[in-house]
Amino acid sequence: MSSVNETLIRDVVSEVLGRLGGAATTTVTQPATAAVKDDPCVAAAKRAAATAKAAPALRGKFGVFATADEACAAAQEAFAQLQQKGIAARRKIEEIVKTMAEKNAELWGKIELEETKIGRLDHKIAKLGLIKLVPGVDWLRPDARSGDHGITLEEYTPFGVVGAITPSTHSIPTLSGNIVNIVAAGNAVVFNAHPSAAKCAAVAVRAYNEAIYRETGIENIACIIEKPSLDSFNALCKNDNTRLLLVTGGPAVVKAAMQTGKRAICAGPGNPPVLVDDTCCPTRAAKAIISGGAFDNNLLCIGEKQVFVLESVADKLMQRMSENGAVKLTNAQFDALTKAAFTIKEGEGGGCAQAHTNKDFIGKDTSVLAKAAGVNIPADTQLLFGETDANHPFVQEEQMMPFIPIVRVKSVEEGIAKSLQSEHGYKHTAIIHSHDVENITAMARTLDTTLFVKNGPCAAGLGLGGEGYLSFSIATPTGEGITNPRTFTRVRRCVMVDNLRIY
Ligand code: NAD
32 MSSVNETLIR DVVSEVLGRL GGAATTTVTQ PATAAVKDDP CVAAAKRAAA TAKAAPALRG
92 KFGVFATADE ACAAAQEAFA QLQQKGIAAR RKIEEIVKTM AEKNAELWGK IELEETKIGR
152 LDHKIAKLGL IKLVPGVDWL RPDARSGDHG ITLEEYTPFG VVGAITPSTH SIPTLSGNIV
212 NIVAAGNAVV FNAHPSAAKC AAVAVRAYNE AIYRETGIEN IACIIEKPSL DSFNALCKND
272 NTRLLLVTGG PAVVKAAMQT GKRAICAGPG NPPVLVDDTC CPTRAAKAII SGGAFDNNLL
332 CIGEKQVFVL ESVADKLMQR MSENGAVKLT NAQFDALTKA AFTIKEGEGG GCAQAHTNKD
392 FIGKDTSVLA KAAGVNIPAD TQLLFGETDA NHPFVQEEQM MPFIPIVRVK SVEEGIAKSL
452 QSEHGYKHTA IIHSHDVENI TAMARTLDTT LFVKNGPCAA GLGLGGEGYL SFSIATPTGE
512 GITNPRTFTR VRRCVMVDNL RIY
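Our numbering numbers the first residue of the sequence shown as 32 and each following residue consecutively.
Okay, structure coming up:
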């Protein structure tokens, strides 16, 4: 037997064993060869893919790997496979992810809540049902120029492997939306999930890969590190195959990503203020604040976190909130909740007292907060609120709890200034309820946020009840905005000199 044949046989045996190892949770044994028709024009890409054949150890894992290096190697191979299979495969993968997110919304919402213990089941399910609104392959349209000197085409082309970091607040929704965006643009992706939301993320990644492999023959297009850590984050960022980073999370991970030396698209923290003036409809404003602030127990980075309201309309707004599912705390109850929800350490934060949010209250139900406040509330209470001043920790911290502090202001100018201060320069999201275009314009210009919503709940900024499209990664400090497939592309220009202009 020739040495070539021996090698071949060894590879085949290892591959089969690898597949058997990963087959416990899947019925997949063969790729469907006809599902995506090969384009004869991609012979070169095919050759590249053949030479990029991965080690058998990467087989049968369906995207779930022990180390960042293995995951990156597998994703690099999947990238080559995707190039070979073309746009049809990207479309198929987009369809698979969108369909499966919706179909599994109840199960995956449940396992995510069980693992993270933050948020609300109904809203975890709703978020997965929304993945179908994330833009995909159709988003990418080349730009063309035609003139006396011929034609020029600018195309949006992939980078390769994208390293993506996902938050605990929406683990499966973020990774699902990221896959749609990233793969629609022709890339593969490796996730380092939040350690407290990594098991559910791996379940979804494995299920997606099983279906994608079955339908397209592509293995490991979306990979995940099974037990993520700071070390695996560093290894993912350092790996040569990782061409681009997408981080969705708080200030620490944004800083860490920016220090890697790799290009990073950063969907960072927010602390969205709401300004309510006396020209708005208080009922509409109250309902919008409750709907946005209560969603998933206020885990959304875009969620209403503090309200500044003109004195003349403050009582009416709070009355309407009470009539629409929110409960107002007395000052004593508010104080009790504050003591439970924050640890105030003197002498930190440049000599001032610094509040640290108590993790036991993040994303918890109103009933948990009410218990700490010492108040009985109806079971269907959506949101709690109370009156305070602008320096309160509930105003200054991104607290992610279904409680909203209300601060009275004497003028729109004061409201805008306090909104700006409380947003801390994150340039994330701000909201106004007003029918005065000058007030609206002044706040939009001053706050300078990525999302600015007028007369609706925060979610309207992501196409939910407002016009626009959805993503769970809103790139704020790095400026890409609401991510979409184009965010993950390189623009390349192709020029034909003097010919092919047909007029
Ligand atoms: P988090 O910052 O604790 O974690 C986010 C991710 O970063 C996790 O995967 C975590 O493991 C990782 N991480 C944290 N510190 C790190 C470090 N020093 N080095 C490497 N990795 C690190 O945030 P969270 O509690 O999971 O999510 C809530 C935060 O994310 C909020 O601040 C929220 O505003 C923000 N967020 C932003 C967006 C957006 O689109 N802009 C979307 C969702 C959440």
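Don't be surprised by glycine CBs; every beta carbon is placed ideally from N, CA and C. Here the structure is a predicted model, which is why all the values come from computation and not from measurement.
- Relative to the Cα of Ser227, the nearest Cα in the group Val211, Ile203, Ala238, Ala216 belongs to Ile203.
- The beta carbon of Asn272 sits no closer than 7 Å to any heavy atom of the ligand NAD.
- If you check the C-beta of Thr197 against the ligand NAD, you find a heavy atom less than 7 Å away.
- For Arg439, the closest C-alpha among the options His423, Arg521, Glu354 is that of His423.
- A straight-line Cα-Cα distance of about 46 Å links Gln364 and Thr518.
- Counting the other CB atoms within 10 Å of its CB gives Lys376 a total below 16, which places it among the exposed residues.
- In this structure, the CA atom of Lys441 is about 15 Å from the CA atom of Val305.
- Closest in alpha carbon position to Leu161, among His387, Ala136, Gln385, is Ala136.
- Rounded to whole angstroms, the gap between the alpha carbons of Val168 and Asp308 is 41 Å.
- For Asn389, same chain residues with a beta-carbon under 8 Å away, outside a window of 5 residues either side, are Ala371, Ala372, Phe373, Thr374 in chain order.
- The closest heavy atom of the ligand NAD lies less than 7 Å from the beta carbon of Ala287.
- Taking every protein chain shown into account, the CB of Gly323 has 16 or more other CB atoms within 10 angstroms, so this residue is buried.
- When DSSP states are grouped into helix, strand and coil, Phe483 belongs to the strand group.
- About 5 Å separates the beta carbon of Glu125 from that of Val211, a gap short enough to meet the 8 Å contact definition.
- Assignment of Val165 by DSSP, reduced to helix, strand and coil, places it in the coil class.
- One thing to note: Glu454 has its Cβ no nearer than 8 Å to the Cβ of Asn240.
- In this structure, the beta-carbon distance from Pro166 to Tyr187 does not fall below 8 Å.
- In this structure, the CA atom of Leu331 is about 48 Å from the CA atom of Gly178.
- Around the beta carbon of Gly299, 16 or more other beta carbons lie within 10 angstroms, which makes this residue buried.
- At the C-beta level, Ala404 and Leu360 come within 8 Å of one another.
- Leaving aside the five residues that flank Lys230 on each side, the residues in its chain whose CB is nearer than 7 Å to its CB run, in chain order, Glu146.
- Runs of the alpha helix (DSSP H) lying entirely within the stretch 329-387 and spanning at least 4 residues, in chain order: 342-354, 362-372.
- Following the DSSP letters along the chain, one finds Glu185 inside the beta strand (DSSP E) bounded by residues 181-189.
- Val128 is not a Cβ neighbour of Arg237, given a cutoff of 8 Å.
- No heavy atom of the ligand NAD is found nearer than 7 Å to the CB of Leu164.
- For Asp174, the uninterrupted beta strand (DSSP E) segment begins and ends at 174-178.
- Checking the 7 Å criterion, the Cβ of Leu501 is out of range of every heavy atom belonging to the ligand NAD.
- Asn223 carries a strand assignment under DSSP once its states are collapsed to helix, strand and coil.
- Apart from the 5 residues on each side of it in sequence, Lys163 sits with its Cβ closer than 7 Å to the Cβ of Lys129, Glu133 in its chain, given in chain order.
- In the DSSP assignment, Arg439 falls within the beta strand (DSSP E) that extends over 434-440.
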